[in-house]
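Enquirer: Following this message is one structure expressed as structure tokens.
Residue numbers (this note's numbering), protein chains in the order written: chain A, 3 to 320; chain B, 181 to 586.
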């Protein structure tokens, strides 16, 4: 197995060899590029990458340019996972047949997709890849909305968020459904490693990415990716919003090993109220009215209950 | 190393076995597949070969046909020989990715065992799926019997993987009539079969770690048109001559001759039917019988459906006086596809030929010799009258009142 890259500090991490170029068309303040760089910079190994249709894809491979200094493929919205799984199958075939051009180098196979591509349209493809046990990592850039098409709800969109297809109005508080628990579903595949990460908690994130790279088989990473455009916050606040998500426990950071062993990897010193997280984003603005204010309390209860459940699972080791 | 399989000079194979044996012999690196009637045995046979050491590539059983082609695209872009098989609904589910495969210039081979597309659901053979693929940018070969299904696979790999072509190719065969009907098939040894196609030569391969590549980019109004035009250009100017070269090479190699347009007794024929699949062979039998009665009739078989061999077909048809275009797919609101293609082929040639259209065999309905005799009688009347004596479009073999249009 290849050596795990040693990362001493943030400066070294953020300036290490970049295979994802700064030249791309993502919005200023988009967390996608931060996440992608953290994933790619976590290893010195060769990379074979895929992306599903979405913001990352349309902003990084516009002919005749590419932002990728590693082999990269995009097919469609639903099949980034299977694209990289096909490449991984070819790697195994050529290895077996002795036809690899660089037989001493074992690349990592990584697919990126947004929450639309992951929770919704590509769900079956990802499930298939995980069931078959391809040696690959799937990274969901979870911005809880179809951002590339202009802000429609996905099954990752949280309750009360206003989106263009589930807008808040005089008779609606916006999204009515709870966010799908994708991590639990992927863990239920028996995957060797699944984890939630936040780009702002970079040490936690890089440790998880490296654990994922070290694991044999399919690894699922759900990365919170605050969207300045659709969540409606100032581009310079991306990291602050990400911190609010993790420190309010709206987006708890944990991992599940072999489908059962759950470890919480980040416990905020000061847990902040969910209200503060919601209040920082325009997509929840309508919740701060008399009509819909009751939802904030329900939000807090849901987050508390989930945190309780995660802690009990961690203790029980099941 | 994969085990070598000892084959008799002539094996009794159905079309599915013929296709799977060809895939085994060319030593495909990755097969990503999903079962669907009537192409399932191609995948099952291949699984059996894999389980017994005759395949040393990867055999990935995915969760849908869309995923099958998605996996094939990823594998092909990674840099190796790739193939799969499907039919009907599965083909329809794959369509999105068919355009990706050709647009990304990936030489994937897809065996399509032709079957109707529902609703109503139907497992039997017609050409609805083949027609659905016709604008997808793939090369499309049509097999009429198991021998063709075997041979055309080798030819397909040779053409598709040529670095001047780099386009995916389908090998079509009729569901059940070819896929499940065992016939004598002349074989090549494993060594001969592989040697005809040769080692896969990668190009723009993702797994060349020293030369990263970006596959499947975004192009908008500034570049999309040029990309699609280049793809069309490759099909029109490169693929067709390369297919002819491969046919010639295959004939030298095995003695078995294929043509872009297959003809049977066409040279002096007044009337011909044009069709695809197993119907070509049925029509040949009928032509023999009618010739014995003094009728000047012939058959034209489309061997290469895409790229469409327009010039070759016009040449073949230049002296014909009546043409029956036989379409085994519901045209749903217009003339049949072959009628359209042949009309387009002949329009500027100064032909006076009368062209009529027959819709037949949907959902596995038999095309009988009696049907074909009836068609040839229609065509004879058209020759004598110098104009259509029937409606332009007639349904053949349909129960109930006679159905015709135009």
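Don't be surprised by glycine CBs; every beta carbon is placed ideally from N, CA and C.
This structure is a prediction, so every number in the text was calculated from the model and none was measured.
1. Taking contact to mean 3 or more Cβ pairs, one atom from each stretch, closer than 8 Å, check whether the segment 523 to 530 of chain B and the segment 547 to 558 of chain B are in contact.
2. Indicate whether residue 210(A) and residue 199(A) have their beta-carbon atoms separated by less than 7 Å.
3. Can you confirm whether residue 41(A), when its beta carbon is compared against all beta carbons of chain B, has any partner nearer than 7 Å?
4. Count the other CB atoms, across all protein chains shown, that sit within 10 Å of the CB of residue 3(A); report buried if there are 16 or more and exposed otherwise.
5. Could you tell me the distance, in whole angstroms, from the CA atom of residue 273(B) to the CA atom of residue 32(A)?
6. Between which residues of its own chain and residue 200(B) is the CB-CB distance below 6 Å, once the five residues before and five after are set aside?
7. Taking the continuous beta strand (DSSP E) assigned at residue 416(B), which residues delimit it?
8. Just reading off the beta strand (DSSP E) that residue 354(B) is part of, what are its end residues?
9. From residue 378(B) to residue 348(B), what distance separates their C-alpha atoms?
10. Using a Cβ cut-off of 8 Å, pull out every chain D residue sitting near residue 280(B), in sequence order please.
11. Which word fits residue 522(B), buried or exposed, when buried means at least 16 other C-beta atoms lie within 10 angstroms of its C-beta?
12. Considering only the beta carbon of each residue, do residue 113(A) and residue 147(A) sit closer than 7 Å?
13. Could you check if residue 341(B) is buried or exposed, using at least 16 other CB atoms within 10 Å of its CB as the buried criterion?
14. Which term fits residue 270(B), buried or exposed, when burial requires 16 or more other beta carbons within 10 angstroms of its beta carbon?
15. Does residue 196(B) pass the burial test, meaning 16 or more other C-beta atoms within 10 Å, or should it be called exposed?
16. How big is the Cα-Cα spacing for residue 586(B) and residue 191(B)?
17. Of the residues 482(B), 259(B) and 500(B), which one's Cα is nearest the Cα of residue 506(B)?
18. Does the separation of the CB atoms of residue 267(A) and residue 255(A) fall below 7 Å?
19. Distance, Cα to Cα, residue 184(B) vs residue 376(B)?
20. Using the C-alpha atoms, what's the distance from residue 313(A) back to residue 276(A)?
21. For residue 243(A), which option in 283(A), 222(A), 27(A) and 182(A) has the closest C-alpha, if you only look at C-alpha atoms?
22. Rounding to the nearest angstrom, what Cα-Cα distance links residue 130(A) and residue 191(A) in this structure?
23. Comparing alpha-carbon positions, which option in 469(B), 437(B) and 258(B) lies nearest residue 74(A)?
24. Just checking: is the beta-carbon of residue 512(B) within a distance shorter than 7 Å of some beta-carbon in chain A?
25. Going by the CB atoms, is the gap between residue 264(B) and residue 336(B) shorter than 7 Å?
26. Could you confirm whether any beta carbon from chain B is found closer than 7 Å to the beta carbon of residue 121(A)?
27. Establish whether the CB of residue 258(B) and some CB of chain A are separated by less than 7 Å.
28. Tell me, please, whether the CB atom of residue 321(A) is closer than 7 Å to any CB atom in chain B?
29. Could you check whether the segment 480 to 496 of chain B touches the segment 407 to 423 of chain B, counting it as contact only if at least three pairs of C-beta atoms, one from each stretch, sit closer than 8 Å?
30. Applying a beta-carbon distance threshold of less than 8 Å, which residues of chain A neighbour residue 210(B)?
31. Give me the DSSP bridge partner(s) of residue 257(A).
32. How long is the line joining the alpha carbons of residue 446(B) and residue 476(B), rounded to whole angstroms?
33. Residue 253(B) versus chain A: which residues are under 7 Å apart at the beta carbon?
34. Should residue 301(B) be labelled buried (16 or more other beta-carbon atoms within 10 Å of its own) or exposed?
35. Between residue 251(B) and residue 91(A), how many whole angstroms is the CB-CB distance? I'm expecting something under 8 Å.
36. Per the contact definition of three or more C-beta pairs closer than 8 Å, is the segment 167 to 182 of chain A in contact with the segment 102 to 116 of chain A?
Expert: In terms of the structure at hand:
1. no
2. yes
3. no
4. Since pLDDT at residue 3(A) reaches only 48, below the 50 mark, its modelled position is unreliable, and the value read off the structure follows with that caveat. So residue 3(A) ends up on the exposed side.
5. 34 Å
6. 222, 225 and 226
7. No beta strand (DSSP E) contains residue 416(B), which DSSP labels as neither H nor E.
8. 349 to 354
9. 17 Å
10. Looking at the structure shown, chain D is missing, and the protein chains on hand are A and B.
11. buried
12. no
13. buried
14. buried
15. buried
16. 47 Å
17. 482(B)
18. yes
19. 16 Å
20. 18 Å
21. 283(A)
22. 10 Å
23. 258(B)
24. no
25. no
26. no
27. yes
28. The requested residue 321(A) does not occur in the structure, where chain A is confined to residues 3 to 320.
29. yes
30. 88, 91, 92 and 95
31. 197(A) and 265(A)
32. 9 Å
33. 77, 85 and 88
34. exposed
35. 7 Å
36. no
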